[in-house]
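Colleague:
In structure tokens, the structure reads:
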């Protein structure tokens, strides 16, 4: 049958080779042609974006069914988008509107909360991800890691039980076990020319709104005060704070408002 394909022409409105023309070609060469009933989805053509969307819908339904039959829970299956190579291990729970790009493997007992996007990610067991998390290629999570809402990771390894629960960017980083990354923390990994690595030690605590200017290392059990910009290495067990002194001007607010009022008049 495959030998007949080379003889099929494309002189039609679509300018395409029609597979069904093989039947006439086979009969013309004296072959016996038989009929076999099959599912329409197995032989459907794709001629436009609408057909492509229909074919994608069929594939997604099959992938979702296979995932659930293998032990994963999809809370609202029709809203979950899987890639053909997505691997969901036993007792994984996927909430609505989660998108999986290529190269994702989710470990046993992990929960992916709503509106998260994962691509090129491997997780250990019993992680909690999302809602609204974005995990980009090169993300590797140990066991029991928590990645919370509006957290983005890229090219990062996080050790067992490490946490980044809120509003953070962790890129090109190695994070030790049980490290806690506070809300608003970012790793400043790009200097405009090259990417650089941040290392955060085990049991380290990174205060909220910290900027870690890579390349930089925060030692084991070290603490970073909230609002700090860290551009030099921090030793094990040390506390690092970079913060301007707070000034309090007595009645300053009153005088500021009075001045603005006079200016506007």
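Residue numbers (the numbering used here): 290 to 554.
Cβ atoms here follow ideal geometry from the backbone N, Cα and C, with glycine treated the same way.
(1) Return helix, strand or coil for residue 552, following the three-state DSSP convention.
(2) Less than 6 Å between C-beta atoms, sequence neighbours within five positions excluded: which residues of the same chain meet that for residue 493?
(3) If you draw a straight line from the alpha carbon of residue 463 to that of residue 442, how long is it in whole angstroms?
(4) What residue does the alpha helix (DSSP H) around residue 297 start on, and which one ends it?
(5) Tell me the residue span of the beta strand (DSSP E) that contains residue 347.
(6) Quick test of the definition: if touching needs 3 or more C-beta pairs under 8 Å, does the segment 373-392 touch the segment 350-363?
(7) Could you pull out every residue in the same chain whose Cβ sits closer than 6 Å to the Cβ of residue 369, ignoring the five residues on either side in sequence?
(8) Residue 458 and residue 475 look like a contact to me (Cβ under 8 Å); what is the Cβ gap, rounded to whole Å?
(9) In the DSSP assignment, find the unbroken alpha helix (DSSP H) run with residue 310 in it and report its ends.
(10) Taking the alpha helix (DSSP H) that residue 330 falls in, what are its first and last residues?
(11) Between residue 413 and residue 401, which are expected to be in contact by the criterion C-beta below 8 Å, what is the C-beta distance as a whole number of angstroms?
(12) Quick one: grab the DSSP three-state call for residue 407.
(13) Looking at residue 389: is its Cβ nearer than 9 Å to the Cβ of residue 411?
(14) So within the segment 472-516, which uninterrupted alpha helix (DSSP H) runs reach at least 4 residues, ignoring any that extend past its ends?
(15) Please report the distance separating the alpha-carbon of residue 309 from that of residue 322.
(16) Would you tell me roughly how many angstroms separate the C-alpha atoms of residue 350 and residue 344, rounded to the nearest one?
(17) Do you know how far the Cα of residue 530 is from the Cα of residue 540?
(18) Enumerate in chain order the residues of its own chain whose CB-to-CB distance from residue 486 is below 8 Å, with the five nearest sequence positions on each side excluded.
(19) Considering Cα atoms alone, identify which of 535, 357, 481 and 490 is closest to residue 452.
(20) Using 8 Å for Cβ pairs, my map puts residue 433 next to residue 450. What's the rounded Cβ distance?
(21) Under the three-state reduction of DSSP, which class applies to residue 541: helix, strand or coil?
Modeller: Here's the rundown:
(1) Taking the chain shown and counting its residues from 1, one reaches residue 552 at position 263. Residue confidence is low: residue 552 scores 47 on pLDDT, short of 50, so the model does not pin down where it sits. No coordinate-derived value is stated.
(2) In the chain shown, residue 493 corresponds to position 204, counting from 1. Closer than 6 Å at the Cβ level, and outside the excluded window around residue 493, lie 468, 507 and 511.
(3) Within the chain shown, numbered from 1, the residue matching residue 463 stands at position 174. Within the chain shown, numbered from 1, the residue matching residue 442 stands at position 153. The straight-line gap from Cα to Cα measures roughly 11 Å.
(4) Looking up residue 297 in the chain shown gives position 8. Element bounds for residue 297: n/a, residue is neither H nor E.
(5) Counting from one through the chain shown, the residue named residue 347 turns up at place 58. Bounds of any beta strand (DSSP E) do not take in residue 347; it lies within the alpha helix (DSSP H) bounded by 338-358.
(6) yes
(7) Residue numbering aside, residue 369 sits at position 80 when the chain shown is read from its first letter. The residues are 363, 383 and 387.
(8) Start at 1 with the first residue of the chain shown, and residue 458 comes out as number 169. Start at 1 with the first residue of the chain shown, and residue 475 comes out as number 186. Sure, about 4 Å apart at Cβ, within 8 Å.
(9) Stepping through the chain shown from its first residue, residue 310 is reached at position 21. Its alpha helix (DSSP H) spans residues 310-317.
(10) Sequence index remark: in the chain shown, residue 330 carries index 41 (1-based). Looking at the DSSP string, the run of the alpha helix (DSSP H) that includes residue 330 is 329-332.
(11) On the chain shown, position 124 is the one that residue 413 refers to. On the chain shown, position 112 is the one that residue 401 refers to. Their Cβ separation, rounded to whole angstroms, is 14 Å, which puts residue 413 and residue 401 out of contact at 8 Å.
(12) The count along the chain shown starts at 1 and reaches residue 407 at position 118. Looking at residue 407 - three-state DSSP - the assignment turns out to be strand.
(13) Taking the first residue of the chain shown as 1, we reach residue 389 at position 100. Taking the first residue of the chain shown as 1, we reach residue 411 at position 122. No; because the gap between Cβ atoms is not below 9 Å, this pair is not in contact.
(14) The segment 472-516 is shown to contain no whole alpha helix (DSSP H) run of 4 or more residues.
(15) Numbered from its first residue, the chain shown carries residue 309 at position 20. Numbered from its first residue, the chain shown carries residue 322 at position 33. Roughly 12 Å separates the two Cα atoms.
(16) For the purposes of this step, residue 350 is identified with residue 61 of the chain shown, where counting begins at 1. For the purposes of this step, residue 344 is identified with residue 55 of the chain shown, where counting begins at 1. Taking the straight line joining both Cα atoms gives about 10 Å.
(17) Numbered from 1 along the chain shown, position 251 holds the residue referred to as residue 540. Numbered from 1 along the chain shown, position 241 holds the residue referred to as residue 530. Cα to Cα, the separation comes out at about 29 Å.
(18) In the chain shown, residue 486 corresponds to position 197, counting from 1. So the qualifying residues of the chain are 461, 462, 463, 478, 503 and 504.
(19) Residue mapping note: residue 452 aligns to position 163 of the chain shown, counting from 1. Of the listed residues, the one whose Cα sits closest to residue 452 is 490.
(20) Counted from its first residue, the chain shown places residue 433 at position 144. Counted from its first residue, the chain shown places residue 450 at position 161. With 8 Å as the limit, residue 433 and residue 450 qualify as a contact, their Cβ atoms being about 5 Å apart.
(21) In the chain shown, counting from the first residue as 1, residue 541 sits at position 252. Residue 541 falls in the helix class under three-state DSSP.
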